[in-house]
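All the letters of the sequence shown, read from the start, carry residue numbers 422 to 797 under the numbering used here.
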Amino acid sequence: MALPLLAAAITQDAVLVAGLTAVAYVPWMLLGLPIGALVDRGRPERFVLWAAVTRGVLFGVLALALVLDVRSMLLLYAVAFLLGVGEAAYDNASQSLIPRVVPDADLERANSALVSVERLGQDLVGPAVGGVMFAAGASLPFAVSAAALLVAGVLVTGLRTPAPVVEGRPTPRAVLREAADGMRWLLRARFVRTIILTGAGLTFFTQTWEGLLVLLAVGPMGTSETVFGLMLAGGAVGGIVGAMATAPLVRRFPQRALQITALAVAAVGNFVLAAFPAPVVAAVVLSTTSFSFALWNVLSVTIRQRLVPGAVLGRVNAASRTLSMTAAPLGALAGGGLAAALDLRAPLWVSGLAMVVITGLFVAATRDVGALSERN
C-alpha cells in the first residue's frame, strides 16, 4: 500500500506510477528459474533468511531516505526490483522448506496456515494499516516493515535442514543447466505440468477483470469508495477462509474433486457478476472467487510437494510461480484491451467462458491420473 502511495506523492505521471508495479514482476521473469535451481542446491531456510533480512534492510534504507527528505522515482524503482528478487527467493524457498520440516500427513494444514497468514497480511491487515501509517508519516510503514522482516529473519534462524549433496560449484552455467534439467523433468510429469498450466490460466483470466473492478464499481454499480473497500475486504476474507478450510475439506472430499470445484466456482462467479453487476453481487463473487483461488493454491502446492522429488522441487516451484507472475500482468493488459474495445463487462464474460474450457480440459487431462492427487 505504501509504495504506490509514495510514488503518487512524488509524481503524477500515470505511466511511472504503474511501472512501479510492473517492475516487481520482472525479477520473476528474469530470475525465477535460476533462483529455483539455487534453492535446490542449498538449504531453503537460508534463502528465507536472506530474503527476510535483505528486504528488511531495503525498507530501512527507504525509511531513512524519507527521513532525510530524499525522494526519487529511480530509488523506488530500484527498491521495487530488489524487493521482487527477495520475494522470488522467499516464495520459492518457503514452499521447498515446508515438506522438509512438516510430516507428509500435515502438509495441507501447514500450507493452509501459510496461505492464510499471507492473505491476512497482504490483502486485509497490511493495506489498511499501511494506509493509516503513511498518512501519519511517509517513512513509518517502511520502518515498521523493516523491523518486522528483521524479526522474521531471527525466527528463521531456529530452522535447520540437511544440505543436499550437489556436485560442482554454482557457476552461472551450472545454474542455468540445472534450471533446464528441472524444466525437462516438468515436461515429463504430465499431472504436475497440468496443475501448473491450469493455475496459470486461472491467474490470467482472473486478472482480466479484477484490475478493472474499480471502474465497474464506481461506474455502472455507482458505489462509493467506502463500499468498494468493503468489497475488497470481503474478497480478502474469502481467501483467508478458503485457505483455512482446505485441510478439513481434504479430509472429507477427494482432492481432484475439490480442484474441479474450485475452477467451476470461478467460472460461475464470472458469469454471475457479468450478468448482475451490483455491489452485493460483487462482494459475494469476490469472496467465493477468493475462496476457490485459495483452495486451488493450497491443493496445488501440496500436491507438488508430495509428487515432485526434493532434488528438483525448487525449480518446479519456480516454474509455477514464474508462469503465474507472468500471467498476471498479461491478463490485466488483455482485460484492459477487451474493456476498451467492448465494455467493462466483456472481460467477465470472456473469463467465464475461458474458465469453463479450462475446467473441462483439467477434468479430461487428469481423469486417468486423478488417483495421484489422493496420495497421503
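Beta carbons are placed, not taken as given, at the ideal position from N, Cα and C, and that holds for glycine.
message: Between Arg725, Thr710, Ala556, which has its C-alpha nearest alanine 430's C-alpha?
response: Ala556
task: Can you grab the Cα-Cα spacing for the pair threonine 743 / alanine 696, in whole Å?
output: 33 Å
query: Since serine 517 is in the alpha helix (DSSP H), which residue starts that stretch and which ends it?
result: 494-522
query: Taking Cβ to Cβ, would you say alanine 509 is nearer than 8 Å to isoleucine 456?
result: yes
field: Nearest neighbour of tyrosine 446, chosen from Ala584, Val506, Leu734 [CA to CA]
entry: Val506
query: From this set, Ala657, Gln628, Trp471, Ala423, which residue's C-alpha is nearest glycine 758's C-alpha?
result: Gln628
- prompt: Less than 8 Å separating the beta-carbons of proline 593 and alanine 423?
  reply: no
- prompt: In terms of residue numbering, what span does the alpha helix (DSSP H) encompassing aspartate 602 cover?
  reply: 593-609
- prompt: Over what stretch of residues does the alpha helix (DSSP H) that includes phenylalanine 416 continue unbroken?
  reply: Here the chain comprises residues numbered 422 to 797, so residue 416 is not present and cannot be evaluated.
task: Just mark serine 741 as buried or exposed, buried being the case when its beta carbon has 16 or more other beta carbons within 10 Å.
output: buried
- prompt: Run through DSSP, which three-state label would proline 585 get?
  reply: coil
- request: Using only alpha-carbon positions, find the residue among Ala703, Asp434, Arg467 that is nearest to valine 584.
  value: For clarity, residue 584 is alanine in the given sequence; the question names valine instead. When each option's Cα is compared against that of alanine 584, the closest is Arg467.
- request: Round the Cβ separation of threonine 723 and leucine 528 to the nearest angstrom and send it over; I've been treating them as touching at under 8 Å.
  value: 5 Å
query: Which of the three DSSP states, helix, strand or coil, is assigned to aspartate 525?
result: helix
task: List the whole-angstrom C-beta distance separating alanine 657 from serine 711, where the pair is believed to meet the contact cut-off of C-beta under 8 Å.
output: 7 Å
message: Please state the DSSP three-state secondary structure of alanine 792.
response: Any answer about alanine 792 is weak, because its pLDDT of 47 lies below 50 and its placement is not dependable; what the coordinates show is given next. Helix, per DSSP.
query: Are there three or more Cβ pairs, one per stretch, closer than 8 Å when the region 751-771 is compared with the region 614-627?
result: yes
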